[in-house]
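**Student:**
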Amino acid sequence: MKTNILTILCLLISVTAFGQKKTLDHPDFDIWNTIENQRISRNGEFIMYSLEKGEEDNFLKIKDTNGNMVFEYDRGYSGQFTYYSDFAVFTIKPWQSSIRELKRQKTKSDDMPKDSLGILNLKTKALVKIPMVRNFRMPQKWGGFLAYQLDANAVASDKGEKPSGKNGYHTIIRNLNNGQQDTLKYVKKYAFAKDGQALTYVSGPLNLETPGVYIDELKGEGPKQIFSAKKAEYPQMSISASGEHVSFVADLDTTKALVRPNALYSWSKGMDTAEKLVDKESAPDGYRVSADRSISYAEDESKLYFGLGTPPILQDTSLLDEEIVNVEVWTYDEPRLYTVQELQLENDRRKSYLATIHLNKGNQMVQLATTELPNVSLGDEGNAKLALASTSAPYELQRQWEGGSYSDYSLVDVETGAVKSAFKKVRGQVRLSPGGNYAYGYSAADSAWFAYNLNTENYRSLTKGEVFYNELNDSPNFPSAYGSAGWTEDDKSILIYDRYDIWEYNPETGEGERITKGREQGMTYRYVTLDNEARFIDKKEKWLLTTFNNENKHSGYYELNPRNGRGKQLLEGPFRYGRPVKAQDADHVMFTKESFVEFPNIHVSDLSFKETTQVSDANPQQSEYNWGTSELVHWTSLDGKPLTGMLIKPENFDPNKKYPMIVNFYEKSSDGVFGHRPPAAGRSTISYSWYTSRGYVIFNPDVHYRIGYPGESALNSVVPGVTSLIEKGFIDKDNIGVQGHSWGGYQIAYLVTKTDIFKAAESGAPVPNMISAYGGIRWWTGLSRQFQYEHTQSRIGGTPWEYPARYIENSPIFNIDKINTPLLIMHNDADGHVPWYQGIEFFVSLRRLGKPSWFLNYNGEPHWPLKRQNRKDFNVRMAQFFDYYLKGAPKPVWMERGVPAIEKGINQGLELTNHR
17 MKTNILTILC LLISVTAFGQ KKTLDHPDFD IWNTIENQRI SRNGEFIMYS LEKGEEDNFL
77 KIKDTNGNMV FEYDRGYSGQ FTYYSDFAVF TIKPWQSSIR ELKRQKTKSD DMPKDSLGIL
137 NLKTKALVKI PMVRNFRMPQ KWGGFLAYQL DANAVASDKG EKPSGKNGYH TIIRNLNNGQ
197 QDTLKYVKKY AFAKDGQALT YVSGPLNLET PGVYIDELKG EGPKQIFSAK KAEYPQMSIS
257 ASGEHVSFVA DLDTTKALVR PNALYSWSKG MDTAEKLVDK ESAPDGYRVS ADRSISYAED
317 ESKLYFGLGT PPILQDTSLL DEEIVNVEVW TYDEPRLYTV QELQLENDRR KSYLATIHLN
377 KGNQMVQLAT TELPNVSLGD EGNAKLALAS TSAPYELQRQ WEGGSYSDYS LVDVETGAVK
437 SAFKKVRGQV RLSPGGNYAY GYSAADSAWF AYNLNTENYR SLTKGEVFYN ELNDSPNFPS
497 AYGSAGWTED DKSILIYDRY DIWEYNPETG EGERITKGRE QGMTYRYVTL DNEARFIDKK
557 EKWLLTTFNN ENKHSGYYEL NPRNGRGKQL LEGPFRYGRP VKAQDADHVM FTKESFVEFP
617 NIHVSDLSFK ETTQVSDANP QQSEYNWGTS ELVHWTSLDG KPLTGMLIKP ENFDPNKKYP
677 MIVNFYEKSS DGVFGHRPPA AGRSTISYSW YTSRGYVIFN PDVHYRIGYP GESALNSVVP
737 GVTSLIEKGF IDKDNIGVQG HSWGGYQIAY LVTKTDIFKA AESGAPVPNM ISAYGGIRWW
797 TGLSRQFQYE HTQSRIGGTP WEYPARYIEN SPIFNIDKIN TPLLIMHNDA DGHVPWYQGI
857 EFFVSLRRLG KPSWFLNYNG EPHWPLKRQN RKDFNVRMAQ FFDYYLKGAP KPVWMERGVP
917 AIEKGINQGL ELTNHR
């Protein structure tokens, strides 16, 4: 009896405690943290990350692999470990609230608080703070030194001029081991060598010593000047990995000539000064040294790579504004649509073509890319004798309606510049193998992977006739590939993915062998790169793979011995496991683990994953709130297809109650059933945890598409999914809403013309008229929208003149009078994806018919509102809209009378009325 009473008391306490859980509200968005910039030290002993609270301030944390706090600092950003894992360096920013307050007071930018630099000794825990720092840099593969630039206000000016972007900034070289510092004045550019202990920098004309280019080996001997010029611009500068070579582009002309006389200079260890390699006289005819392309070295440092540009097109500067004719001439057969040309105008002006200098062959110059073959890929980290050049020019015009582009490929002899045609009209990305022996890729038009031997010119289709393409492709387009893991040592084989497994293919014979056995169990295996510095996949070592169960959506990690094909599952469960990051010099790995309930905190383990430690706890406050749970649901579409979706329920779900439900979908989302969705002011979708906390059920159904009938496909998939849930008894059939954006917004616009099952709908950036949208422009890219309807997402499969009925049947505008569902539409006037006149067309038609509808346009925002204040506003209005229709909540003022233009930005109309 005592036991029963005790049990009942415990249950009552549990229920009472649970009943006291809080409900999420919009202000709670500001207390939720995300994890930013997570890093593991090379020795594997430390984890560093920042918690970003409410998209504002960052809070830096450093912990050991047992999860113990080593160090923390408010306002700490962009932390890095030094190469030897002995220091942590990070930026300290002012409080965002302070910045906002100073902006309110109209504080000048020069008087605003500046960033500081934090340097933590991980052994002694001593912290050094340096105020007013613009930026910092550290060597990549050696340690002991740090360089940082001071803000202009941090130092007294010389000759009456302060440091600036034009003059350069004072730069400090700090020895981390003893704290000694050297100041370099008016530095415009600086860089550490990757491997060798060396630093190069450009000193500006205000330097009290001689301005020019310097090299410093940081051995106490001081910097060595390798180039001197009283007034010069250095648009490009590079130091080789060893630190034994420095190159730069210099413009020594002090006039205002419109065509700048750039010259390429190079210095090598042992030389007193840099020598000129290429200038306007020695550059190839029709080309000049480019100021816009970066300079690099081959891995063996035998070659220097730089850019050649074409002379600019100059306007007659004597013309007055009223004498200049500004007219756009659009031509039917030019390769790129005029709108594309406009957006790419600056890139076209800066376009350059790769060339090389053979440093060990008398500085012989070889041009590799030309205007005819503008794109060049280098093999073997720049060491290879053959390069791959390509052009898509012959096929650019058809890209307007096909979307993707074809390319022709040629081989370029890096020694001589000789060009030989290799293969033509490939649709897809072509790359070079790590050793530079093969060009390889996935030919979309053939739905097959191929390898091309650059030395023997042997082209081999590897997977022709095999299913290494998207098995679930439901667009009128070539199916995409599943990708590849990489190459084994010496380019002996390539590892290619099918839907489930990893295959090893011989690039010479085309013979393939399956390495994993995932298809039989519906498991997808993928290779994890643990060493970012590795150039190939080592078959002598055990591999770490990720696993994904396509049936129940569980994921995990798997260890495979590639020599005998044996393996074992290390972790697996109803979670989404992130891609592990390994410490460079230890077996410790950092990874994330998440579910709808569990935030993706950082965990640490060794490669066995037998013992894992949770390092971060980003949002402990979540336990105080009513949250939610996620699960898979299954049903059959109206055309007989088995379908899957996600069902998200409130944490305090009671199957005997009736819940309002919001349907939110795009295409297929059920693979993400174990994804965590923290409360946030999303730019285009409902916040799942926020709505479930407030008593909503959320349904996200997968859609199976039939080419030519995308709207009908959505209807066939979504509506039976909704009715299957109504039959379970816990959904209030009279209070179901639907929400989606872009492609989701289109499908919702279509659905409400065919069904009255939804009591309210939010349709973001919709396309109600496929005919007018077909002829629109995607303004962010300048591309025509035609390809989208003929070949990709809109899935019509042809032009309006080929399939006029399909365009009409799939366009909600022609059945808009059938809509009985109140609609909230959000479409912004700077939308670069869907022309915003589509949203207007939808709204004014609803208005003409007197249908209850509201239109939100966040001025100057693109496809989604990006500014935080606008995202928060959108989330509030959407919640008020659904609460009014699905929960009987009071009607907000903006729905009652709108927000007149005279009140825009003043009165938001978010107050609630007494009307329900």
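Heads up: the sequence shown begins at 17 in our numbering, then just goes up one per residue. Even glycine gets a Cβ: it sits at the ideal position worked out from N, Cα and C.
#1: Applying the 10 Å Cβ sphere with the 16-neighbour rule, what's the burial state of residue 501?
#2: Quick check on residue 383: does DSSP put it in helix, strand or coil?
#3: Once the 5 residues before and after residue 23 are set aside, which same chain residues still bring their CB inside 6 angstroms of it?
#4: So is residue 507 buried or exposed if we call it buried at 16+ other beta carbons inside 10 Å?
#5: Looking at C-alpha atoms only, which residue of 678, 723 and 703 is the closest neighbour of residue 712?
#6: If you reduce the DSSP assignment to three classes, tell me which class residue 410 lands in.
#7: Rank 211, 193 and 161 by C-alpha distance to the C-alpha of residue 187 and give the top, closest one.
#8: For residue 547, which of 184, 477, 391 and 602 has the nearest alpha-carbon?
#9: Grouping DSSP H, G and I as helix and E and B as strand, with all else coil, what is residue 128?
#10: Helix, strand or coil for residue 177 per DSSP?
#11: Reducing DSSP to helix, strand and coil, say where residue 169 ends up.
#12: Reducing DSSP to helix, strand and coil, say where residue 908 ends up.
#13: Taking its Cβ as the centre, do 16 or more other Cβ atoms sit within 10 Å of residue 475, making it buried, or is it exposed?
#14: In the DSSP assignment, what residue or residues form a beta bridge with residue 446?
#15: Could you check which residue in 395, 327 and 333 has the C-alpha nearest to that of residue 369?
#16: If contact is defined by three or more beta carbon pairs under 8 angstroms, each pair taking one atom from either stretch, is the region 659-677 in contact with the region 98-117?
#17: Could you give the DSSP three-state label for residue 676: helix, strand or coil?
#18: Take residue 875 as the anchor and find which of 850, 843, 865 and 900 has the nearest alpha-carbon.
#19: Taking the beta carbon of residue 382 as the centre, do at least 16 other beta carbons fall within 10 Å, making it buried, or is it exposed?
#20: Which residues in the same chain as residue 278 place their Cβ atom closer than 6 angstroms to its Cβ, once the five residues preceding and following it in sequence are excluded?
#21: Does the structure place the region 861-872 close enough to the region 830-845 that three or more beta carbon pairs sit under 8 angstroms?
#22: Reducing DSSP to helix, strand and coil, say where residue 595 ends up.
#23: Specify the secondary structure class of residue 164 as computed by DSSP and reduced to three states.
#24: For my contact list, residue 428 and residue 403 are in at a C-beta cut-off of 8 angstroms; report their separation, rounded to the angstrom.
#25: Which of helix, strand or coil does DSSP assign to residue 922?
#26: Could you check the C-alpha separation between residue 587 and residue 610 for me, to the nearest Å?
#27: Is DSSP giving residue 917 helix, strand or coil here?
#28: Spatial neighbours of residue 153 within its chain, please: C-beta separation below 8 angstroms, excluding the five flanking residues on both sides.
#29: Helix, strand or coil for residue 42, going by three-state DSSP, please let me know.
#30: What residue range is occupied by the uninterrupted alpha helix (DSSP H) comprising residue 734?
#31: Given that a residue counts as buried once 16 or more other Cβ atoms are within 10 Å of its Cβ, and exposed if not, what is residue 857?
#32: Apart from the five residues on each side of it in sequence, which residues of its chain come closer than 6 angstroms, Cβ to Cβ, to residue 393?
#33: To which residues of the same chain is residue 418 closer than 7 angstroms at the C-beta, ignoring the five residues directly before and after it?
#34: Let me make sure I understand the geometry here. Which of 440, 249, 241 and 137 has the alpha-carbon closest to that of residue 286?
#35: Compare the beta carbon distance of residue 157 and residue 77 with 7 angstroms and say whether it is the shorter of the two.
#36: So if DSSP puts residue 64 in a beta bridge, which residue, or which two residues, is it bridged to?
**Tutor:** This is what the structure holds:
#1: The count along the sequence shown starts at 1 and reaches residue 501 at position 485. The residue is buried, with at least 16 neighbouring Cβ atoms inside 10 Å.
#2: Locating residue 383 in the sequence shown gives position 367, where the first residue counts as 1. It is a strand residue.
#3: Reading the sequence shown from its first residue, position 7 is the one you call residue 23. Residue confidence is low: residue 23 scores 44 on pLDDT, short of 50, so the model does not pin down where it sits. No coordinate-derived value is stated.
#4: Taking the sequence shown and counting its residues from 1, one reaches residue 507 at position 491. Burial call: buried.
#5: Translated into positions along the sequence shown, residue 712 becomes position 696. When each option's Cα is compared against that of residue 712, the closest is 678.
#6: One-based indexing of the sequence shown puts residue 410 at position 394. Helix.
#7: For the purposes of this step, residue 187 is taken as residue 171 along the sequence shown, with counting starting at 1. When each option's Cα is compared against that of residue 187, the closest is 161.
#8: For this step, residue 547 is matched to residue 531 along the sequence shown. That would be 602, whose Cα lies nearest to the Cα of residue 547.
#9: Along the sequence shown, read from residue 1 onward, the residue named residue 128 stands at position 112. Three-state DSSP puts residue 128 in coil, outside helix and strand.
#10: The residue you call residue 177 lines up with position 161 of the sequence shown. Strand.
#11: If you number the sequence shown from 1, residue 169 lands on position 153. Correct three-state label for residue 169: helix.
#12: In the sequence shown, counting from the first residue as 1, residue 908 sits at position 892. The answer is strand: DSSP assigns residue 908 an E or B state.
#13: Position 459 of the sequence shown, counted from the start, is the residue given in the question as residue 475. It is exposed - the Cβ of residue 475 has fewer than 16 other Cβ atoms within 10 Å.
#14: Numbered from 1 along the sequence shown, position 430 holds the residue referred to as residue 446. According to DSSP, which records beta bridges pairwise, residue 446 is partnered with 457.
#15: Against the sequence shown, residue 369 aligns to sequence position 353. The shortest Cα separation from residue 369 among 395, 327 and 333 belongs to 327.
#16: no
#17: Here residue 676 refers to the residue found at position 660 of the sequence shown. If DSSP states are grouped into helix, strand and coil, residue 676 belongs with the strands.
#18: Looking up residue 875 in the sequence shown gives position 859. Measuring from the Cα of residue 875, the nearest candidate turns out to be 843.
#19: The residue you call residue 382 lines up with position 366 of the sequence shown. Buried is the call here.
#20: Counting from 1 along the sequence shown, the entry for residue 278 is found at position 262. The residues are 265, 267, 305 and 307.
#21: yes
#22: Numbered from its first residue, the sequence shown carries residue 595 at position 579. Note: residue 595 maps to coil in three-state DSSP.
#23: Along the sequence shown, one-based indexing puts residue 164 at 148. Note: residue 164 maps to strand in three-state DSSP.
#24: As a first step, residue 428 must be located in the sequence shown, where it is residue number 412. As a first step, residue 403 must be located in the sequence shown, where it is residue number 387. Residue 428 to residue 403, Cβ: 5 angstroms. Contact.
#25: Sequence index remark: in the sequence shown, residue 922 carries index 906 (1-based). Reduced to three states, the DSSP call for residue 922 is coil.
#26: As a working note, residue 587 is residue 571 in the sequence shown. As a working note, residue 610 is residue 594 in the sequence shown. If I take the Cα positions, the gap works out to 13 angstroms.
#27: Along the sequence shown, one-based indexing puts residue 917 at 901. Reduced to three states, the DSSP call for residue 917 is helix.
#28: The sequence position of residue 153 within the sequence shown is 137, counting from 1. Here the set comprises 162, 163, 164, 206, 207 and 208.
#29: Within the sequence shown, the letter at position 26 stands for residue 42. Looking at residue 42 - three-state DSSP - the assignment turns out to be helix.
#30: The residue given as residue 734 occupies position 718 in the sequence shown. Taken as a continuous stretch (DSSP letters only), the alpha helix (DSSP H) holding residue 734 covers 726-742.
#31: Numbered from its first residue, the sequence shown carries residue 857 at position 841. By the 10 Å Cβ count, residue 857 comes out buried.
#32: Taking the first residue of the sequence shown as 1, we reach residue 393 at position 377. Once the five neighbours on either side are set aside, the close Cβ partners of residue 393 are 404 and 448.
#33: Reading the sequence shown from its first residue, position 402 is the one you call residue 418. 803 and 807.
#34: As a first step, residue 286 is located in the sequence shown; it is residue number 270 there, counting from the start. Minimum Cα distance to residue 286 is reached at 241.
#35: Counting from 1 along the sequence shown, the entry for residue 157 is found at position 141. Counting from 1 along the sequence shown, the entry for residue 77 is found at position 61. In this structure, residue 77 does not lie closer than 7 angstroms to residue 157 by Cβ.
#36: Translated into the one-based positions of the sequence shown, residue 64 becomes position 48. Beta-bridge pairing links residue 64 to 55 and 78.
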